[in-house]
Amino acid sequence: MNPLLSRLQPYPFERLKQLFAGVTPNPEFPAISLGIGEPKHATPGFIKDALSASLGALAAYPATAGDLTLRTAFTDWLKTRYSLALDPATQVLPVNGSREALFSLAQTVVDPTASPQPVVMSPNPFYQIYEGAALLSGAEPYYVASVPARNFAVAWDSVPEAVWARTQLVFVCSPGNPTGAVMSLDEWKRLFDLSDRHGFVIAADECYSEIYFRDEPPLSGLEASVTLGRPDFRNLIALTSLSKRSNVPGLRSGFVAGDAAIIKKFLLYRTYHGSAMSGAVAAASIAAWGDESHVVDNRAQYRAKFAAVTPLLEPVLDVRLPDASFYLWAGIPQVWAGDDEAFARALYAQYNVTVLPGSYLARETAHGANPGRGRIRMALVAETTECVEAAQRIVRFCRDARR
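All residue numbers for the sequence shown refer to UniProt numbering, where the first residue is 1 and numbers rise by one.
As structure tokens, this is what we get:
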């Protein structure tokens with residue numbers, strides 16, 4: 001077996017299952033899970049209709065590159081959303097959800113034979129696929145902490161020059177999981193300057209881009225690249241998905257866009273990888289990317305939910321409305337001395353509410369600190385009434401702990 005598999009760490013939800021082992025939650029309270037970021041809003045009917053109407057496409061092998069109609073749906077959306085003009089023939093590709101593409105992009109980009117060992121960099125805390133992709137590509141993961149005092153901006157300036165010199169791929173997540181932070185144009189400029197100097201590829205994970213709370217929508221890496229005079233998207237690939245935008249996590253549909261040279265190599269890899277998108281899924285995806293009214297409604301539901309829940313939690317947790325995404329990234333009360341595992345376990349036992357310990361989403365830095373420690377991630381994906389009920393229980397739990 002591939003020896004690199006032994007370096008993979010348990011997924012956060014497996015660790016959560018182990019944390020709760022042997023705990024019987026209080027039967028007075030129905031279970032409410034804020035642990036997994038799985039959209040729960042209803043899938044729009046027109047997307048399901050487009051899928052079922054295209055089942056005849058299952059009789060044919062799909063092309064890995066997708067057909068021009070599908071790729072044009074991607075570029076049309078990029079034009080509508082960001083005023084960007086990309087070539088559907090060379091600058092976009094369909095993918096089976098952003099998770100699959102994030103992983104396989106690393107296998108395409110990283111040269112494991114390079115000496116010294118190549119580095120794949122990611123924010124810290126982070127989406128664990130970044131780490132697994134790095135390890136199985138033969139690279140060394142390097143974790144760059146997000147800074148709470150700077151709205152969880154990633155501290156790129158803390159990375160030594162010797163590490164940048166070995167870096168082949170940098171994962172960024174904007175809006176961020178779990179912090180909800182959106183990268184500014186100045187942050188993008190800093191990262192592009194570093195990429196131009198050292199030659200690494202930037203993978204911009206943008207799957208939360210359509211769930212936001214500011215008046216101004218989140219900036220895309222592609223948009224930043226054009227604004228900063230890089231219209232060829234040199235060494236940049238953006239990845240997005242329909243899962244959160246359109247409430248279709250089971251459709252496994254998204255696309256990548258950016259540097260045509262990388263897209264060409266990625267297509268070659270994907271042809272051998274066997275990752276073509278089903279024709280029926282493609283038809284549903286075209287319908288979804290072509291409609292914005294359901295996205296506006298989806299965003300309104302999240303805005304109403306966060307407006308109801310965040311003020312309830314602010315008096316007992318270190319939490320505020322994020323820039324975007326559907327997570328609250330909250331600091332736990334001081335009485336818990338930073339033990340986010342103990343907090344999550346006790347909350348589950350006493351009030352049957354599941355939250356994810358923040359330390360499960362981060363790794364210790366060179367200084368021995370885990371930037372997720374003392375925090376919890378709450379996914380506000382259920383209906384508003386259920387999320388409000390969970391928040392009310394958390395308030396009672398925190399106030400009980402003070403006594």
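Positions of the beta carbon are idealized from the N, C-alpha and C atoms, including for glycine.
- Contact annotation, Ala-133 with Ala-153: C-beta distance approximately 23 Å; criterion of less than 8 Å not satisfied.
- The DSSP assignment places 45-53 as complete runs of the alpha helix (DSSP H) inside the region 33-66, in order along the chain (cut-off: 4 residues).
- A contact is defined here as three or more CB-CB pairs under 8 Å, and the region 91-99 meets this definition with respect to the region 277-286.
- In this structure, Pro-148 lies away from Pro-218, with their beta-carbon atoms at least 8 Å apart.
- Listed in chain order, the non-local C-beta contacts of Ile-36 below 7 Å within the same chain comprise Phe-13, Ala-379, local neighbours out to five positions each way being set aside.
- Beta-bridge annotation (DSSP): Cys-173 is paired with Asp-205.
- Taken in chain order, the whole alpha helix (DSSP H) runs of length 4 or more contained in the region 272-324 are 279-289, 293-313.
- Here Arg-375 is near Ile-332, since their CB atoms are less than 8 Å apart.
- Between Phe-306 and Glu-216, the alpha-carbon positions lie close to 17 Å from each other.
- DSSP places Val-248 in the coil class of the three-state scheme, outside both helix and strand.
- Phe-397 places its beta carbon 8 Å or farther from that of Tyr-348.
- A Cβ-Cβ distance of about 6 Å is found for the pair Leu-135 and Leu-4, placing them in contact under the 8 Å criterion.
- In the structure shown, the three-state DSSP call for Leu-236 is strand.
- Residue nearest to Tyr-360 within the set Ala-344, Tyr-272, Val-248, Ala-391 is Ala-344 (criterion: CA-CA distance).
- When Cβ pairs closer than 8 Å are counted between the two stretches, the region 285-293 is seen to touch the region 69-87, the count reaching three or more.
- Look at Ser-137 here: in three-state DSSP terms it is coil, with no helix or strand label.
- Ala-391 sits close to Leu-312, with the two beta carbons spaced by under 8 Å.
- Secondary-structure assignment with DSSP links Pro-94 through a beta bridge to Phe-255.
- Note that the C-beta distance between Val-172 and Asp-193 is not below 8 Å.
- For Trp-164, the enclosing alpha helix (DSSP H) covers residues 161-166.
- As computed with DSSP, Ile-376 is found in a beta bridge with Ala-330, Pro-357.
- Classified as exposed, Gly-199 has fewer than 16 neighbouring CB atoms from the shown chains inside 10 Å of its CB.
- As DSSP reads the structure, Val-154 sits in a beta bridge with Ser-146.
- By the C-beta density criterion, Tyr-11 is exposed, having fewer than 16 other C-beta atoms within 10 angstroms.
- Put simply, the backbone Cα of Arg-197 is about 11 Å away from that of Glu-161.
- Counting along the chain, the unbroken beta strand (DSSP E) around Pro-123 starts and ends at 119-124.
- Here Lys-40 has Val-381, Ala-382 as same chain residues with Cβ atoms under 6 Å from its own Cβ, once five neighbours each way along the sequence are excluded.
- The beta carbon of Thr-167 is closer than 7 Å to those of Val-119, Met-121, His-198, Phe-200 in its chain, skipping five residues each way along the sequence.
- By the Cβ neighbour-count rule, Asn-298 is buried, with 16 or more other Cβ atoms within 10 Å of its own.
- With the rule of 3 Cβ pairs closer than 8 Å, the region 236-255 counts as touching the region 40-60.
- Taking each of Glu-38, Phe-266, Ser-225 in turn and checking the Cα distance to Glu-187, the smallest one comes out for Ser-225.
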